[in-house]
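Notes follow once the structure below has been shown.
In my numbering, the protein residues as written are 69 to 676.
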């Protein structure tokens with residue numbers, strides 16, 4: 069049996085220049101011109117995808133490739149299109165499976181003749197019912213005709229950024245996989261193809277309501293079955309959702325229905341609950357799975373460019389007040405009420421970094437004000453932060469930047485910062501000394517990072533946390549509002565580095581662990597030892613605490629011929645804001661020579 073992978077009606081209606089061709093003329097045009105031009109001859113075959121998905125066919129001519137798909141590809145179970153999966157069609161339609169077994173040619177014929185109009189599911193990541201539900205203009209235009217609906221999706225909808233799946237949004241996939249986005253430059257069809265060919269097997273993030281690692285690890289029967297990621301998607305769509313299984317930390321259909329009375333009153337089933345969550349519930353931060361009582365230490369954004377910014381938070385238990393790992397979704401919007409949101413970023417706070425998390429949102433527009441918040445399972449929300457991206461270098465626009473100096477803990481809660489959100493700054497430059505290592509009210513001094521780096525790391529992190537907390541219960545939360553009110557640039561200075569030997573990162577270490585050398589000895593004025601304080605455990609410990617709590621973009625310098633800088637964290641940068649301003653952020657601690665304590669007899673001038 070040879071599969072039929074050309075549809076003259078589809079071909080004519082997809083391309084207005086071919087509308088008057090007869091069936092035989094349409095087929096001849098497709099074979100002689102259409103294939104080469106990248107035209108689709110059927111809603112069930114995309115030859116570019118077919119070639120890319122089957123490396124052994126790469127050398128075939130276009131005509132031979134088409135012939136292979138019809139004569140062998142369907143029978144062999146090869147993927148024909150990113151929109152159609154015949155194995156899924158068989159597995160999700162028990163009567164078709166019973167009638168045809170694993171005969172994919174008969175399954176394709178059934179789908180073409182009956183299944184499409186019977187609204188049967190034929191893909192893990194395409195749901196025409198959902199497509200019509202969220203695109204009312206398409207539903208009105210085609211009056212529910214599934215063949216025309218699929219044609220619209222393939223020809224227009226995928227390019228028009230229309231939603232077609234509760235479980236997959238190509239734009240979200242691109243936002244959470246920067247390398248894919250960079251490679252495909254935002255192309256949603258290529259994103260879908262990448263997920264089908266690589267992303268699933270690689271375990272990439274593609275959905276908020278479905279987390280395959282979570283799904284597998286939550287249920288022992290799935291672990292015992294040793295299902296691969298594609299099989300896990302099949303299992304959830306065919307069985308799991310109906311069985312009321314949790315599909316991610318953020319979604320359980322039964323829980324969602326039980327805790328949202330409007331949906332229950334409307335008589336929604338599990339599938340409709342999933343569709344509602346994907347379309348509305350996530351953006352509305354509805355309670356869709358067990359609440360974990362997550363609290364947020366604060367939020368901050370930093371290092372904005374024309375198309376990106378770092379977003380930061382820390383999570384803890386609202387009950388115990390201790391740091392707690394949490395699954396998180398980051399919601400970004402140009403609207404302070406989050407009526408519309410950008411594609412969600414999926415992440416998790418990191419216990420090894422004191423339960424903080426930083427993301428680089430790289431899908432932003434220039435010279436635009438954004439609002440952001442973090443969402444934890446069960447609907448726990450962080451406070452809202454805001455930032456503005458830099459304008460393009462040719463744009464002559466005003467820029468409003470503020471500066472703030474030291475934050476000594478003795479003066480917490482810093483009452484002058486409580487109305488920082490009224491300043492409407494484009495950016496704030498924190499000129500170093502973002503914490504002090506010294507004692508303050510109810511805050512002991514931090515441990516010596518040379519003598520006890522492990523305790524020092526805990527203590528310095530505590531100092532940073534205190535910068536977001538009130539001094540008395542219910543009081544003003546110190547710098548929390550300040551960090552949330554605009555994009556931030558921060559500098560590393562002497563108090564972040566203990567105000568002793570580690571403040572001069574380019575100085576000799578004295579000993580491998582960084583005991584330091586005599587600053588009064590002129591031999592140490594210029595470091596010729598080949599050992600540098602910025603490579604010691606003590607320095608790196610303090611730098612780690614700083615990096616954990618500041619919304620900075622983290623990069624490592626590669627300079628093999630410069631031992632002073634090679635392998636160190638790059639804390640200096642510059643950013644242009646439109647045509648009129650450039651911010652140059654220096655690092656005057658990581659590489660500087662030893663701090664001189666006296667002048668020598670030659671009358672040198674010391675600049676510090």
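From the three backbone atoms N, C-alpha and C, an ideal C-beta is built for every residue, glycine too.
Excluding the five sequence neighbours on either side, which residues of its own chain have a C-beta within less than 7 Å of the C-beta of residue i, listed in chain order?
| i | result |
| --- | --- |
| residue 428 | 376, 378 and 621 |
| residue 630 | none |
| residue 88 | none |
| residue 544 | 481, 483, 486 and 538 |
| residue 566 | 505, 517 and 610 |
| residue 614 | 560 and 564 |
| residue 336 | 325 and 344 |
| residue 587 | 662, 663, 664 and 665 |
| residue 310 | 338 |
| residue 254 | 242 |
What's the call for residue i, buried or exposed, on a 16-neighbour Cβ count within 10 Å?
| i | result |
| --- | --- |
| residue 478 | exposed |
| residue 279 | buried |
| residue 411 | buried |
| residue 483 | exposed |
| residue 600 | buried |
| residue 493 | buried |
| residue 608 | buried |
| residue 105 | exposed |
| residue 291 | exposed |
| residue 491 | exposed |
| residue 557 | buried |
| residue 294 | exposed |
| residue 394 | buried |
| residue 358 | exposed |
| residue 79 | buried |
| residue 181 | exposed |
Going by alpha carbons, who is nearest to residue i out of the options?
| i | options | result |
| --- | --- | --- |
| residue 275 | 307, 138 and 413 | 413 |
| residue 112 | 464, 637 and 71 | 71 |
| residue 387 | 360, 380 and 381 | 360 |
| residue 312 | 481, 79 and 341 | 341 |
| residue 445 | 356, 514 and 531 | 356 |
| residue 555 | 470, 641 and 597 | 470 |
| residue 243 | 371, 589, 415 and 103 | 415 |
| residue 200 | 183, 188, 214 and 192 | 214 |
| residue 58 | 333, 560, 440 and 305 | Here the chain has residues from 69 to 676 only, and residue 58 is not among them. |
| residue 157 | 189, 542 and 661 | 189 |
| residue 648 | 467, 496 and 194 | 467 |
| residue 122 | 266, 659 and 589 | 266 |
| residue 658 | 645, 587, 586 and 637 | 637 |
| residue 289 | 273, 272 and 307 | 307 |
| residue 525 | 617, 166, 223 and 165 | 617 |
| residue 183 | 192, 163 and 331 | 163 |
Skipping 5 residues on each side, what residues in its chain have a beta carbon closer than 8 Å to that of residue i?
| i | result |
| --- | --- |
| residue 669 | With a pLDDT of 48 at residue 669, under the threshold of 50, the predicted position of this residue should be treated as unreliable, and no value is reported. |
| residue 434 | 374, 375, 457, 458, 459, 460 and 463 |
| residue 118 | 125, 133, 137, 141, 146, 147, 148 and 149 |
| residue 227 | 256 and 257 |
| residue 99 | 131 and 134 |
Could you tell me whether the Cβ atoms of residue i and residue j are closer together than 9 Å?
| i | j | result |
| --- | --- | --- |
| residue 632 | residue 595 | yes |
| residue 611 | residue 563 | no |
| residue 73 | residue 120 | no |
| residue 110 | residue 85 | no |
| residue 318 | residue 372 | no |
| residue 635 | residue 624 | yes |
| residue 246 | residue 381 | no |
| residue 283 | residue 300 | yes |
| residue 513 | residue 507 | yes |
| residue 550 | residue 499 | no |
| residue 652 | residue 642 | yes |
| residue 297 | residue 271 | yes |
| residue 241 | residue 260 | yes |
Residues in its own chain within less than 6 Å of residue i by CB, not counting five upstream and five downstream?
| i | result |
| --- | --- |
| residue 258 | 252 |
| residue 655 | 639 and 640 |
| residue 91 | 76 |
Legend entry - the stretch 146-163 contacting the stretch 176-188, beta-carbon criterion three pairs below 8 Å: The stretch 146-163 makes contact with the stretch 176-188; the number of CB pairs closer than 8 Å reaches 3 or more.
Inset, instruction - Could you tell me whether the stretch 351-365 touches the stretch 452-461, using the rule of 3 or more Cβ pairs below 8 Å? - result: no
Inset, instruction - Kindly confirm or deny that the stretch 341-356 and the stretch 225-235 touch, where touching means at least three C-beta pairs closer than 8 Å. - result: yes
Inset, instruction - Count the C-beta pairs between the stretch 197-213 and the stretch 314-321 that are closer than 8 Å, then say yes if the count reaches three, no if not. - result: no
Legend entry - Any 3 or more C-beta pairs closer than 8 Å across the stretch 381-399 and the stretch 572-585: Here the stretch 381-399 makes no contact with the stretch 572-585; the two share fewer than three CB pairs at distances below 8 Å.
Inset, instruction - Would you be able to state if there are at least three C-beta pairs under 8 Å between the stretch 395-403 and the stretch 415-430? - result: yes
Inset, instruction - Indicate whether the contact test is met: 3 or more Cβ pairs, each with one atom in the stretch 576-590 and one in the stretch 524-539, closer than 8 Å. - result: no
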